[in-house]
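Undergrad: Protein chains in written order, with our numbering: chain A, 511 to 915; chain B, 511 to 915; chain C, 511 to 915.
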Amino acid sequence: MRLCEKKYKTMNIKEKIVRLSQIKSKLYQKDFLLTWEKSEDDLKAILEIADLLKQLRDKNISPRVFDSGLAVSIFRDNSTRTRFSYASAANLLGLAVQDMDETKSQIAHGETVRETANMISFLADFIGIRDDMYLGEGNKYMREVADALDEGFEKKVLPSRPGIVNLQCDMDHPTQSMADLLHLKNTYGSLEALKGKKIVMSWAYSPSYGKPLSVPQGIIALMTRFGMNVELAHPEGYGLIPEIEELAKNNAKASGGSFKVSHSMEEAVKDADIVYPKSWAPYHIMQQRTELLKNTDSQGLKALELEALKNNFKFKNWEYTEEKKQLTKNADALYMHCLPADISGVSCNEGEVEAKVFEKYRIKTYHEAGYKPYIIAAMMFANKFEKPAEVLRSIFDKGLKRVSF
Amino acid sequence: MRLCEKKYKTMNIKEKIVRLSQIKSKLYQKDFLLTWEKSEDDLKAILEIADLLKQLRDKNISPRVFDSGLAVSIFRDNSTRTRFSYASAANLLGLAVQDMDETKSQIAHGETVRETANMISFLADFIGIRDDMYLGEGNKYMREVADALDEGFEKKVLPSRPGIVNLQCDMDHPTQSMADLLHLKNTYGSLEALKGKKIVMSWAYSPSYGKPLSVPQGIIALMTRFGMNVELAHPEGYGLIPEIEELAKNNAKASGGSFKVSHSMEEAVKDADIVYPKSWAPYHIMQQRTELLKNTDSQGLKALELEALKNNFKFKNWEYTEEKKQLTKNADALYMHCLPADISGVSCNEGEVEAKVFEKYRIKTYHEAGYKPYIIAAMMFANKFEKPAEVLRSIFDKGLKRVSF
Amino acid sequence: MRLCEKKYKTMNIKEKIVRLSQIKSKLYQKDFLLTWEKSEDDLKAILEIADLLKQLRDKNISPRVFDSGLAVSIFRDNSTRTRFSYASAANLLGLAVQDMDETKSQIAHGETVRETANMISFLADFIGIRDDMYLGEGNKYMREVADALDEGFEKKVLPSRPGIVNLQCDMDHPTQSMADLLHLKNTYGSLEALKGKKIVMSWAYSPSYGKPLSVPQGIIALMTRFGMNVELAHPEGYGLIPEIEELAKNNAKASGGSFKVSHSMEEAVKDADIVYPKSWAPYHIMQQRTELLKNTDSQGLKALELEALKNNFKFKNWEYTEEKKQLTKNADALYMHCLPADISGVSCNEGEVEAKVFEKYRIKTYHEAGYKPYIIAAMMFANKFEKPAEVLRSIFDKGLKRVSF
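#1: Which word fits C/GLN608, buried or exposed, when buried means at least 16 other C-beta atoms lie within 10 angstroms of its C-beta?
#2: At a CB distance below 9 Å, what residues from the region 772-800 of chain A approach chain C? Give them in sequence order.
#3: Mind listing which residues of the region 575-597 of chain C have their C-beta closer than 9 Å to chain B's C-betas, in chain order?
#4: Using a Cβ cut-off of 8 Å, pull out every chain B residue sitting near C/LYS911, in sequence order please.
#5: If we call anything under 8 Å between Cβ atoms a contact, is B/VAL725 one with B/GLN686?
#6: Please work out which residues of its chain come closer than 8 Å, Cβ to Cβ, to B/ARG624, disregarding the five sequence neighbours upstream and downstream, and give them in chain order.
#7: Closer than 8 Å by beta-carbon distance: list the chain B residues that pair up with A/GLU621, in chain order.
#8: Taking the alpha-carbon of A/LEU910 as reference, which of C/ILE559, C/TYR538, C/ASP577 and C/ALA555 has the nearest alpha-carbon?
#9: Distance check for C/PHE663 and C/VAL528, CA to CA, integer angstroms please.
#10: Shortest alpha-carbon distance to C/ASP587 belongs to which of C/ILE571, C/TYR644 and C/THR545?
#11: Flag this pair as touching only if the region 569-584 of chain C and the region 536-555 of chain C have three or more C-beta atom pairs under 8 Å; answer yes or no.
#12: Going by the beta-carbon positions, is the gap between B/HIS693 and B/TYR871 smaller than 8 Å?
#13: Between A/TYR876 and chain C, is the shortest Cβ-Cβ distance under 8 Å, so that the two count as touching?
#14: Measure from the alpha carbon of A/LYS894 to the alpha carbon of each residue in A/ILE637, A/GLY706 and A/TYR698, then state which is nearest.
#15: For A/SER772, count the other beta carbons within 10 Å of its own beta carbon; 16 or more makes it buried, fewer makes it exposed. Which is it?
#16: Taking the C-alpha atoms as reference points, what is the distance between C/LEU602 and C/PHE906?
#17: Could you tell me which of A/ASN840, A/GLU550 and A/VAL867 sits nearest to A/ILE853, measuring between CA atoms?
#18: Any Cβ of chain C within less than 8 Å of the Cβ of B/ILE617?
#19: Using a Cβ-Cβ cut-off of less than 7 Å, give me the residues of the region 750-769 of chain B that come near chain A, in sequence order.
#20: Would you mind sorting C/MET486 into buried or exposed? The rule is 16 or more other CB atoms within 10 Å of its CB.
#21: For B/VAL675 and B/MET889, what's the separation of their Cα atoms in angstroms?
#22: Comparing the C-beta of A/ASN628 with each C-beta of chain B, is any distance below 8 Å?
#23: State the start and end residues of the unbroken alpha helix (DSSP H) segment that holds C/ASP682.
#24: Can C/PHE895 be considered in contact with the ligand MG, in the sense that its beta carbon sits closer than 7 Å to one or more heavy atoms?
#25: Given A/ASP635, which residues of its chain have a CB within under 8 Å of its CB, disregarding the five upstream and five downstream residues?
#26: One question on the structure: do A/TYR719 and A/ALA813 come within less than 8 Å of each other, judged by their Cβ atoms?
#27: For A/LEU530, which of helix, strand or coil comes out of DSSP?
#28: Using three-state DSSP, classify A/GLN797 as helix, strand or coil.
#29: Are there three or more Cβ pairs, one per stretch, closer than 8 Å when the region 783-791 of chain A is compared with the region 754-762 of chain A?
#30: Along the chain, where does the beta strand (DSSP E) containing A/ASN739 start, and where does it finish?
#31: Which residues, taken in chain order from the region 874-901 of chain C, show a beta carbon closer than 8 Å to some beta carbon of chain A?
#32: In the DSSP assignment, what residue or residues form a beta bridge with A/GLU713?
#33: State yes or no: is the beta carbon of C/SER572 nearer than 8 Å to at least one beta carbon in chain B?
#34: To test your reading of the DSSP string, which unbroken alpha helix (DSSP H) runs of 4 or more residues are found completely within the region 828-872 of chain B?
#35: Under 8 Å between C-beta atoms, does B/ALA606 make it to chain A?
#36: In the structure shown, what three-state DSSP assignment does C/ALA782 receive?
Put into structure tokens, the structure is as follows:
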């Protein structure tokens, strides 16, 4: 813990609410689909609200602003962590989670999406969506839902326009990257303190295949907004969606940071302040996979998986080891992961990270994950209230206990 | 929107509560299983309460009357719309939904039903049941549950007698037909205004098979209560449960309306005010299907499906088209559907309704569907409170905000 | 109903709260994993709190102490009764249930458990766990979760330490046995009145196989704490975990009761006050089964099942019949069961109990089951509040209505 963090920690809740009230965010009644559609002020406001909600709850003050209402969840891929984060956020604010089960594996589009979006929303305040299986599909699907809700609200089908929270798509994983950013902010004391820090988003070896691109894409697109020196390291051929790499480059230029792509984990981690070693499938493989999945070509899928795993196998040395850690700043770069990590000798034979290294930072990765429920709650809060600072002040003044002691 | 509707809309909430207090309904502590077991006053009370609950929520007033309590749901068939409607209703009043999963496909009866009904009800206020797969079984099952709850309450096993809400059975689909009726009432301004209006419940072609009879049965049994001229149109051999057709006839006689069965969609829709084109399986096919399902005769089921689809195929011209719409009153009969509809060229190649016609009334079908959560909430409300008008007045006076702004 | 019960029943809520405040329990912030880890005062406090919560709710007073919070459930085996009891308890106190689905059949241990336990607990107040499939595993798993939560709380990952409630493991089924004890207490009027009463926990024939040992183990370990004469009757070779039989023996010695194992249902039930006839798999079979399950040896499992069923078949005469009932105290021993029972001629051809006998005590078994939600709520309550009597007094004085009439 550094000095600046201490100062922030001692800042009291009322002071933080004042600071929040000075941020000019435009989150009211807006979906949260991609961090790069949001201004720096928007992102700062989310971080501040998340922090305040966490502190209120820690002080046993209930920020329950809904007396009733549904938070719908649509998980088109398995999830434990994000599911619990979403449920926790909804519950904290007073909403009940209602799952929308899509047992059918086909990608519903068009009329079905338009109709269903309205049918589940008559008394809903939010819809959280995870759809990360198909490149070019997940975010598009969210926008189809959004358009349907716009129409439903405009035509008075819906009494209010439910907000959409992107719980991971093919392009971004904003609840993860924002939780990661809050973790960094609290670790270093402020967003200011992140300027000039070197963060390495590195591909790492994993015995499994087809991991989505949204985490590395979310990280390079977000961290370049705050003047960090972001390095994306991966073996040749393991690139991300080119447009998002381009975006990261432009972000860095604008924020006074830098963005660089390189092809050696060893080189990349040198003098790094932060290292985020995580596996993903190459962009071109994901493209092929999407086509095969669309055509339900199970043989093609098997062949592609074999090929991809064989290719991964060549890069087993992309493991974040103690030896590599020694090359980082003070041999102690902050290790980050969205969890679960593939830990060599623990969750797999050979994986993303050496057990000893993971263990050293394990509790810190738990703290990192612990911000996600509050980030989601903050996204909901900022969507629902035009002046979130005022609502938070009123919650604080009222001081309703979460648990009646 | 007609004049009378405008008048109703301008009537304020307090006036509506007074009007409700004058209706002599007997819904207190009664299950809602079939609309034809309820008096006209009962049905009117449900409509008024539903409307009031909707208005209160639209004004950000929370009608949460339960501080805790469970609303159990038993879905013996898939459902999205009704599931969300039930969850929304329960949540609006303050209850948590608890699903009872019956993964076993057999029809549980007797001892198991008697015991389970009690085991899930110790702290339950309502049980919502969908059971529409087997002719002669669904409604019977609900009554078995009801008897078990009666015994449990009488023998002090249960602190209160949970109310049962029929979420669709083999005979009726009261939450749907009552939502449809509220839609008509609000479209035409009053129940009075429905007198003499011609509504056509018409079979329509669908490429799928085995759709339940409960919607058309519910519609003919309910709409004949209010002086409407109800015409049931279907190809020869596609009749409904004969007793329910008989019931509709008697209802019409008593209410000053009419009930007629005919066999041409084209003829039927002439001068119709309202058209409800929807597919269903013929009664005699459903009877055979029930026998085969009971005997788990999968080969027999396949054969029956083929036969039924082949038969349906002969009636492809039972599609509600622009051409047929031109025959209706002012070429603009109100189109109704419980959704999802089989829309030709959209959700299937050839189906119940032409895309252009559906699109014209699409948003109106969304409004129609939007009443269901409030109808269910009204059924719960009327079951729980002897004097619902008084409770609503107290809710209105208190004015607790649903969302704290 | 006996005299002493009447006296207890007329004791008012305030007097009972005073009585509770005099019990020196140490349940605050402690998991409830095994009854034999708890003092007699702990157990008494749970019974009193459960009774008080039930009475408050029966008087339409809401004991909602949480304004928000999650009660996580982990069911590694199917459950309807306990699932609903847990949901009811959580809801009564103001918590939302969030299910943790473990679709994978393998036994997760080590790192995965440690991490997941924290990931689901950021805003959780309780975790209820059922894990009764594997001898030597269920309770061990709960302790792994407990250790992980301890670490998470200590390292400030978790804002509070969620309490764990054992919803059935390989060793004990404390929410069942405590509900059974409360049933006995209320039937006979007091715990004092149980002294010297003879209770027979008897194996009974069932056509199914692999029923867990936790119920009989829980019963013999708990009822021996209160001076009862406990007899465990089973065919040779159907013993329980030896350490738990040993424990029961020691408990009986300490409490002034007795513990005896015998091998004839007929002999055992003679002069019994209470009879609990229930099937279970022999300890040594469960041990073999665990090994086979671990090795996913499906052929071995089938062979074992056949052998076990064949063996059961030899003991069909272990049915609790009217004839055997005639041998009990006044031919009217209280019949108990955790439900569902295998009732001869009703739920199976030949089973644990004759239909006529079951029917006579059926409603009493419903009452027995009805205590479970309150026992679970009491376990949560006692874990969360250092001085439960004070919190209950404040709830009673406030008198917030559960349903607003």
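Built from N, CA and C at the ideal position, the CB exists for glycine as well. Note that this is a predicted model, so its numbers are computed, not measured.
TA: Judging by the given coordinates:
#1: Burial state of C/GLN608 is buried, judged by a 10 Å Cβ sphere holding 16 or more other Cβ atoms.
#2: Per Cβ criterion, the list is empty.
#3: With the criterion set as a beta carbon lying under 9 Å from some beta carbon of chain B, the members of the region 575-597 of chain C are ASN588, THR590, ARG591, ARG593, PHE594, SER595 and ALA597, in sequence order.
#4: Result: ASP577.
#5: The beta carbons of B/VAL725 and B/GLN686 sit closer together than 8 Å.
#6: So the qualifying residues of the chain are GLU654, ASP657, ALA658 and GLU661.
#7: What A/GLU621 touches in chain B: ILE853, VAL856 and SER857.
#8: Ranking the options by Cα distance to A/LEU910, first place goes to C/ASP577.
#9: C/VAL528 and C/PHE663: Cα-Cα distance of roughly 33 Å.
#10: In this structure, C/TYR644 is the residue among C/ILE571, C/TYR644 and C/THR545 with its C-alpha nearest to the C-alpha of C/ASP587.
#11: With a cut-off of 8 Å, the region 536-555 of chain C and the region 569-584 of chain C do not count as touching, because too few Cβ pairs lie within range.
#12: No, the Cβ-Cβ distance between B/HIS693 and B/TYR871 is not below 8 Å.
#13: It does: the Cβ of A/TYR876 has a partner Cβ on chain C nearer than 8 Å.
#14: With respect to the C-alpha of A/LYS894, the residue from A/ILE637, A/GLY706 and A/TYR698 having the closest C-alpha is A/ILE637.
#15: A/SER772 is exposed by the Cβ-count criterion.
#16: Straight-line spacing of the CA atoms in C/LEU602 and C/PHE906 works out to 15 Å.
#17: It is A/VAL867.
#18: Unreliable positioning characterises B/ILE617 in this predicted model, as indicated by a pLDDT of 46, which lies under 50. The coordinate reading is nonetheless provided below. Judged by the 8 Å Cβ criterion, B/ILE617 is not in contact with chain C.
#19: Against chain A - using a Cβ distance shorter than 7 Å - the region 750-769 of chain B contributes no residues.
#20: Since the first residue of chain C shown is 511 and the last is 915, residue 486 of chain C is not available in this structure.
#21: Answer to the nearest angstrom: the Cα atoms are 7 Å apart.
#22: Residue-level contact by beta carbon holds for A/ASN628 and chain B, with a gap shorter than 8 Å.
#23: Taken as a continuous stretch (DSSP letters only), C/ASP682 belongs to no alpha helix (DSSP H), as it is neither H nor E.
#24: No copy of the ligand MG appears in this structure; indeed no ligand is present at all.
#25: Excluding residues within five positions, the ones whose Cβ falls inside 8 Å are PHE576, GLY579, LEU580, ALA581, LEU605, SER670, PRO672, GLY673, MET890 and LYS894.
#26: Against a cut-off of 8 Å, the Cβ pair of A/ALA813 and A/TYR719 comes out as no contact.
#27: Note: A/LEU530 maps to helix in three-state DSSP.
#28: A/GLN797: helix per DSSP, three-state reduction.
#29: Judged by Cβ distances under 8 Å, the region 783-791 of chain A makes no contact with the region 754-762 of chain A, as fewer than three pairs qualify.
#30: Where A/ASN739 is concerned, the enclosing beta strand (DSSP E) stretches over 739-743.
#31: If the cut-off is 8 Å between Cβ atoms, the region 874-901 of chain C has LYS894, PHE895 and VAL901 near chain A.
#32: A quick correction: the sequence has Trp, not Glu, at residue 713 of chain A. Bridge partners of A/TRP713: A/LYS788.
#33: Yes, contact with chain B.
#34: Here the runs fully enclosed are 832-835.
#35: Output row for B/ALA606: interface = yes.
#36: C/ALA782 falls in the coil class under three-state DSSP.
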